Amino acid sequence: MVQKPAFLITIDTEGDNLWVNTKDILTQNANYLFRFQQLCEKYNFKPTYLTNYEMAISPAYVSFARDVIERKQGEVGMHLHAWNSPPLYSLTADDDKYKPYLIEYPLDIMRQKIAFMTNLLEDTFGVKMVSHRAGRWAFNKHYAQLLHEFGYLVDCSVTPYIDWSGVLGDPNGDGGSDFSRFPDGAYFMDLENIAKVGTSTLLQVPMSTRLKHGTLQNTFKQLYNGVRGKKKPLSVRWLRPKGGNVDEMKRVVEQCLNEGKNYVEFMLHSSEFMPGGSPTFSDEESIELLYSDLDELFVWLSQRTQGMTMAEFYKNEVIC
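Below is the structure:
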């Protein structure tokens, strides 16, 4: 029997509405995750909850996640927001405002922050942390090397075709990571050049993103914008809900599977399951639309894929 491609659900598990507030962070969205977990289990899908500091110390979330782990219905991994994850280290005039990237900190501070979060999560949940996603999608070779040092096996920070360098963290910095020339499928990383396939044990599982337009149209647009002295990012579709975009998400899945990819990767923030927890899903009505979209997408995906955690996908890749 031919194995179906994996459906990987990744949830950036973090505080409420961090788009507008990063000072007095609440974690009420932990109380809204049970409904999503039930939906996943209905279709035998297993989320990976990539967990940051404030959620790792939230009693409601800890209780929820321990149950998921105990029943083997999901995984907890690490997610790191550098500006408020201990040990605290002031990098800018207002880190809560600028939200600097971890890759902008000194290497020894990066190591300390990764060590703290890894130890906190492992002590809290009693399992080895093997999966990770960088905060704000900021990743480089030093980050990859530190993950490898701490025993991580999977990273999912790469967003193919997307250049984040125009999105600043530190206002005096160089912006986020440029993934426009990275692979768009899973690969074991070269830790000296993370855009290339290597022989390390760190598996990169990029997000399922695909260009909206073909090569010819994208080339024309770039040339046109260049003549006008403008640099505009390419239009990209994500396997990510934004309200009423089921057909677009299906299109991303179809593109990936038609290319022969062995997985598709979905993402959402934990706060997006709570009314008012994000700009996108601001009220009860939008949450109900979200769940209607998810149910339609999941029943469609259940016929084409099989659910796996990131750790399970890694084991599958090693065996293959």
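504 is the number that the working numbering gives the last residue of the sequence shown; the numbers go up by one with no jumps.
Glycine included, C-beta positions come from ideal geometry on N, C-alpha and C.
Note that the structure is predicted; figures quoted are calculated from it, not measured.
So, do the segment 248-262 and the segment 307-317 have three or more beta carbon pairs nearer to each other than 8 Å?
The segment 248-262, when compared against the segment 307-317, does touch it at the 8 Å Cβ threshold.
Return yes when the Cβ of Leu-217 is within less than 7 Å of the Cβ of Phe-191, no when it is not.
With a cutoff of 7 Å on beta-carbon distance, Phe-191 and Leu-217 are scored as not near each other.
When the Cα atoms are used, what is the spatial distance from Cys-396 to Trp-321?
Sequence check: residue 396 is Lys here, not Cys. Roughly 21 Å between the two C-alpha positions.
Cα-Cα separation between Val-437 and Ala-277, rounded to whole angstroms:
Their Cα atoms are separated by approximately 42 Å.
If you compare alpha carbons, which of Thr-493, Glu-501, Tyr-498 is closest to Leu-234?
Considering only alpha carbons, the answer is Thr-493.
Which whole-angstrom value is the C-beta distance of Ala-370 and Val-389, which I expect to be below 8 Å?
5 Å between Cβ atoms; contact.
For Phe-191, which residues does DSSP report across the bridge?
According to DSSP, which records beta bridges pairwise, Phe-191 is partnered with Val-448, Gly-491.
Could I get the ranges of all uninterrupted alpha helix (DSSP H) runs contained in the segment 311-375, with 4 residues as the minimum, in chain order?
List check, alpha helix (DSSP H) in window: 325-333.
Tell me which same chain residues have a C-beta within less than 8 Å of the C-beta of Thr-399, skipping the five on either side of it?
Summary for Thr-399: the model assigns pLDDT 49, below 50, so the residue's position carries little reliability, and this model does not support an answer.
Spatial neighbours of Ser-242 within its chain, please: CB distance less than 8 Å, with the 5 preceding and 5 following residues excluded, ordered by chain position.
Once the five neighbours on either side are set aside, the close Cβ partners of Ser-242 are Thr-211, Ala-214.
Ser-462 beta carbon less than 7 Å from that of Thr-197
In this structure, Ser-462 does not lie closer than 7 Å to Thr-197 by Cβ.
For Asp-477, the three-state DSSP class (helix, strand or coil):
Helix, per DSSP.
Which residue marks the beginning of the beta strand (DSSP E) containing Lys-380, and which one marks its end?
Element bounds for Lys-380: 377-381.
Boundaries (first-last residue) of the beta strand (DSSP E) holding Tyr-233
Segment 231-235, the beta strand (DSSP E) holding Tyr-233.
Is Asp-339 buried or exposed, if buried means 16 or more other CB atoms sit within 10 Å of its CB?
Counting Cβ neighbours within 10 Å, Asp-339 comes out buried, since at least 16 surround it.
From which residue to which residue does the alpha helix (DSSP H) around Thr-141 run?
Any property of residue 141 remains undetermined from this structure, which presents the chain solely from 185 to 504.
Burial state of Arg-424, where buried means 16 or more other Cβ atoms lie within 10 Å
Buried: at least 16 other Cβ atoms inside 10 Å.
Own chain partners of Met-301 with C-beta closer than 7 Å, once the 5 adjacent residues on each side are dropped
Here the set comprises Tyr-237, Met-262, Leu-264, Ser-269.
Once you ignore the five residues that flank Gly-491 on each side, which residues in its own chain have a CB closer than 8 Å to its CB?
Excluding sequence neighbours, Gly-491 sits near Ala-190, Phe-191, Ile-193, Cys-224, Tyr-227, Asn-228, Phe-229, Lys-230.
Which residue comes first and which comes last in the alpha helix (DSSP H) that contains Val-430?
From DSSP, the alpha helix (DSSP H) with Val-430 extends over 430-442.
Identify the continuous beta strand (DSSP E) that holds Met-262 and give its terminal residues.
Per DSSP, Met-262 is one residue of the beta strand (DSSP E) stretching across 259-264.
For Ala-266, which residues from the same chain have a beta carbon less than 7 Å from its beta carbon, with the 5 sequence-adjacent residues on both sides left out?
Taking C-beta separations shorter than 7 Å and ignoring five residues to either side along the sequence, the partners of Ala-266 in its chain run Pro-284, Tyr-285, Leu-286, Tyr-289, Lys-297, Gly-319, following chain order.
Under the assumption that Met-391 contacts Trp-422 (Cβ atoms under 8 Å), give the Cβ distance between them as a whole number of angstroms.
That belief holds up - the Cβ atoms of Met-391 and Trp-422 are roughly 7 Å apart, short of 8 Å.
Cutting at 8 Å between CB atoms, please list the residues of its own chain near Lys-434, excluding the five before and the five after it.
The residues are Leu-481, Trp-484.
Label Arg-394 either buried or exposed according to how many other C-beta atoms from any shown protein chain fall within 10 Å of its C-beta, with 16 as the threshold for buried.
Arg-394 should be labelled buried.
What is the rounded straight-line gap between the Cα of Gly-427 and the Cα of Asp-467?
Their Cα atoms are separated by approximately 12 Å.
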